[in-house]
Amino acid sequence: MTVSSRCICTAIDAKALAKIIEGHADGATYIDSHPWIVARDLLDEARGAEERLPLVFATGDPIVFSHWAFVDTIDVRELHPGSWETHCEIGALKPVNPIWESIDSIVLAPSAEQLHRERVEPVHIHRQMLNEQHIWPYAVCETPVFIMAHQP
(Lines of atoms letter the chains of each structure in order from A and count residues from 1; the text may use other names and numbers.)
(Lines give C-alpha, C1' and ligand atoms only; values in the text may rest on other atoms or scores of the structure.)
Protein backbone atom coordinates (compact mmCIF):
# COMPACT_ATOMS: atom_id res chain seq x y z
CA MET A 1 0.00 0.00 0.00
CA THR A 2 1.12 3.51 -0.74
CA VAL A 3 0.73 6.53 1.53
CA SER A 4 -2.21 8.88 1.01
CA SER A 5 -1.43 12.40 -0.19
CA ARG A 6 -3.54 13.65 2.73
CA CYS A 7 -2.97 13.21 6.44
CA ILE A 8 -4.67 14.14 9.68
CA CYS A 9 -2.91 16.37 12.22
CA THR A 10 -4.15 16.79 15.78
CA ALA A 11 -3.01 18.04 19.15
CA ILE A 12 -2.73 15.71 22.12
CA ASP A 13 -1.95 16.25 25.78
CA ALA A 14 1.68 15.31 26.58
CA LYS A 15 0.59 12.92 29.34
CA ALA A 16 -1.88 11.16 27.06
CA LEU A 17 0.77 10.80 24.37
CA ALA A 18 3.27 9.41 26.88
CA LYS A 19 0.69 6.87 28.01
CA ILE A 20 0.13 5.74 24.41
CA ILE A 21 3.88 5.46 23.80
CA GLU A 22 4.57 3.55 27.02
CA GLY A 23 1.66 1.14 26.84
CA HIS A 24 1.41 0.19 23.20
CA ALA A 25 4.55 -0.34 21.15
CA ASP A 26 2.62 -1.97 18.30
CA GLY A 27 -0.34 0.38 18.22
CA ALA A 28 -2.95 2.11 20.33
CA THR A 29 -6.33 3.77 20.48
CA TYR A 30 -6.62 7.55 20.45
CA ILE A 31 -9.96 8.84 21.76
CA ASP A 32 -11.38 12.31 21.09
CA SER A 33 -14.69 13.92 22.05
CA HIS A 34 -15.13 15.45 18.58
CA PRO A 35 -16.81 13.46 15.78
CA TRP A 36 -14.08 12.76 13.20
CA ILE A 37 -16.57 12.24 10.39
CA VAL A 38 -14.51 13.80 7.59
CA ALA A 39 -11.39 11.98 8.85
CA ARG A 40 -13.32 8.70 8.67
CA ASP A 41 -14.36 9.56 5.11
CA LEU A 42 -10.70 10.25 4.23
CA LEU A 43 -9.73 6.88 5.69
CA ASP A 44 -12.44 5.17 3.61
CA GLU A 45 -11.19 6.97 0.47
CA ALA A 46 -7.61 5.99 1.23
CA ARG A 47 -8.57 2.36 1.73
CA GLY A 48 -10.52 2.39 -1.53
CA ALA A 49 -7.36 3.57 -3.28
CA GLU A 50 -5.27 1.01 -1.37
CA GLU A 51 -3.48 3.76 0.55
CA ARG A 52 -2.58 4.29 4.19
CA LEU A 53 -3.73 7.44 6.02
CA PRO A 54 -1.20 9.02 8.41
CA LEU A 55 -2.05 10.74 11.70
CA VAL A 56 0.46 13.27 13.07
CA PHE A 57 0.37 14.28 16.75
CA ALA A 58 1.43 17.68 18.08
CA THR A 59 1.94 18.42 21.76
CA GLY A 60 3.61 20.80 24.18
CA ASP A 61 3.77 24.53 24.74
CA PRO A 62 4.70 25.83 22.30
CA ILE A 63 2.99 23.11 20.32
CA VAL A 64 5.26 21.00 18.09
CA PHE A 65 4.90 17.76 16.16
CA SER A 66 6.07 14.81 18.19
CA HIS A 67 4.95 11.46 16.72
CA TRP A 68 2.99 9.98 13.84
CA ALA A 69 1.37 6.68 12.90
CA PHE A 70 -0.83 5.13 10.26
CA VAL A 71 -4.55 4.95 11.03
CA ASP A 72 -6.13 1.50 11.13
CA THR A 73 -9.73 2.42 11.96
CA ILE A 74 -11.83 5.45 12.89
CA ASP A 75 -15.03 4.70 14.78
CA VAL A 76 -17.33 7.69 15.41
CA ARG A 77 -19.90 7.08 18.14
CA GLU A 78 -22.80 9.33 19.13
CA LEU A 79 -23.16 8.77 22.87
CA HIS A 80 -26.34 10.87 23.05
CA PRO A 81 -27.57 13.87 21.05
CA GLY A 82 -24.74 16.39 20.81
CA SER A 83 -22.19 14.17 22.55
CA TRP A 84 -19.66 12.26 20.48
CA GLU A 85 -16.64 10.05 20.90
CA THR A 86 -14.17 9.06 18.22
CA HIS A 87 -11.98 6.00 18.63
CA CYS A 88 -8.99 6.04 16.31
CA GLU A 89 -6.96 2.83 16.16
CA ILE A 90 -3.40 3.54 15.07
CA GLY A 91 -0.28 1.54 14.36
CA ALA A 92 3.05 1.94 16.09
CA LEU A 93 4.05 5.54 16.77
CA LYS A 94 7.17 6.88 15.09
CA PRO A 95 8.97 10.01 16.33
CA VAL A 96 8.98 13.10 14.13
CA ASN A 97 12.47 14.19 13.12
CA PRO A 98 13.36 17.49 14.87
CA ILE A 99 13.63 19.32 11.53
CA TRP A 100 9.88 18.68 10.99
CA GLU A 101 8.69 19.51 14.55
CA SER A 102 7.49 23.04 13.81
CA ILE A 103 3.71 23.25 13.46
CA ASP A 104 4.12 25.28 10.26
CA SER A 105 6.22 22.58 8.60
CA ILE A 106 3.01 20.98 7.32
CA VAL A 107 0.47 22.64 5.02
CA LEU A 108 -3.29 22.44 5.05
CA ALA A 109 -4.73 20.34 2.24
CA PRO A 110 -6.05 22.52 -0.58
CA SER A 111 -9.64 22.20 -1.76
CA ALA A 112 -10.55 20.08 -4.78
CA GLU A 113 -11.31 23.31 -6.65
CA GLN A 114 -7.85 24.73 -5.87
CA LEU A 115 -6.16 21.53 -7.07
CA HIS A 116 -8.24 21.52 -10.26
CA ARG A 117 -7.44 25.17 -10.90
CA GLU A 118 -3.70 24.51 -10.46
CA ARG A 119 -3.93 21.71 -13.03
CA VAL A 120 -5.87 23.55 -15.72
CA GLU A 121 -4.98 27.23 -15.30
CA PRO A 122 -1.61 28.95 -15.15
CA VAL A 123 -2.02 30.00 -11.50
CA HIS A 124 0.60 30.21 -8.81
CA ILE A 125 0.42 27.36 -6.31
CA HIS A 126 -0.62 28.72 -2.93
CA ARG A 127 -0.61 26.72 0.28
CA GLN A 128 -1.53 27.75 3.80
CA MET A 129 0.76 26.57 6.55
CA LEU A 130 -0.80 24.82 9.54
CA ASN A 131 -1.05 26.81 12.76
CA GLU A 132 -2.41 26.26 16.27
CA GLN A 133 -5.89 27.51 15.34
CA HIS A 134 -6.26 24.93 12.54
CA ILE A 135 -5.17 21.86 14.49
CA TRP A 136 -8.15 21.81 16.89
CA PRO A 137 -9.83 19.31 16.87
CA TYR A 138 -7.90 18.09 13.82
CA ALA A 139 -6.71 19.38 10.47
CA VAL A 140 -6.67 17.76 7.04
CA CYS A 141 -3.22 18.39 5.60
CA GLU A 142 -0.95 17.39 2.76
CA THR A 143 1.15 14.44 3.83
CA PRO A 144 4.68 15.70 4.52
CA VAL A 145 7.66 14.21 2.72
CA PHE A 146 9.07 12.56 5.84
CA ILE A 147 5.98 10.31 5.86
CA MET A 148 5.80 9.91 2.07
CA ALA A 149 9.28 8.39 2.33
CA HIS A 150 7.63 5.37 4.05
CA GLN A 151 6.29 4.03 0.75
CA PRO A 152 6.59 0.24 0.47
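For the sequence shown, this note's numbering gives the first residue as 1373, with consecutive numbering after it. For glycine and all other residues, C-beta sits at the position ideal for the given N, C-alpha and C.
Just verifying my parser: in three-state terms, what is the DSSP assignment at residue i?
| i | result |
| --- | --- |
| arginine 1499 | coil |
| glutamate 1514 | strand |
| aspartate 1416 | helix |
| alanine 1388 | helix |
| isoleucine 1393 | helix |
What's the gap between the Cα of residue i and the Cα of residue j?
| i | j | result |
| --- | --- | --- |
| aspartate 1447 | glutamate 1417 | 15 angstroms |
| serine 1455 | histidine 1406 | 8 angstroms |
| glutamate 1423 | isoleucine 1462 | 15 angstroms |
| valine 1410 | proline 1494 | 30 angstroms |
| aspartate 1485 | arginine 1491 | Strictly speaking, residue 1485 in this sequence is glutamate, with aspartate absent from that position. Their Cα atoms are separated by approximately 10 angstroms. |
| glutamate 1394 | methionine 1501 | 31 angstroms |
| proline 1453 | phenylalanine 1518 | 40 angstroms |
| threonine 1401 | leucine 1487 | 33 angstroms |
| methionine 1520 | cysteine 1381 | 15 angstroms |
| proline 1516 | isoleucine 1478 | 6 angstroms |
| cysteine 1379 | glutamate 1450 | 24 angstroms |
| proline 1434 | proline 1470 | 14 angstroms |
| histidine 1506 | leucine 1427 | 15 angstroms |
Considering only DSSP beta bridges, list what residue i is partnered with.
| i | result |
| --- | --- |
| alanine 1411 | In DSSP, alanine 1411 forms no bridge with anything. |
| arginine 1378 | Glu1514 |
Between residue i and residue j, how many whole angstroms is the CB-CB distance? I'm expecting something under 8 angstroms.
| i | j | result |
| --- | --- | --- |
| leucine 1425 | valine 1443 | 5 angstroms |
| glycine 1432 | alanine 1386 | 6 angstroms |
Suppose only complete runs of 3+ residues qualify. What are the beta strand (DSSP E) ranges in the region 1423-1488, listed by chain order? DSSP assignment within the region 1423-1488 yields the following whole beta strand (DSSP E) runs of 3 residues or more, N-terminal first: 1426-1431, 1436-1452 and 1455-1463.
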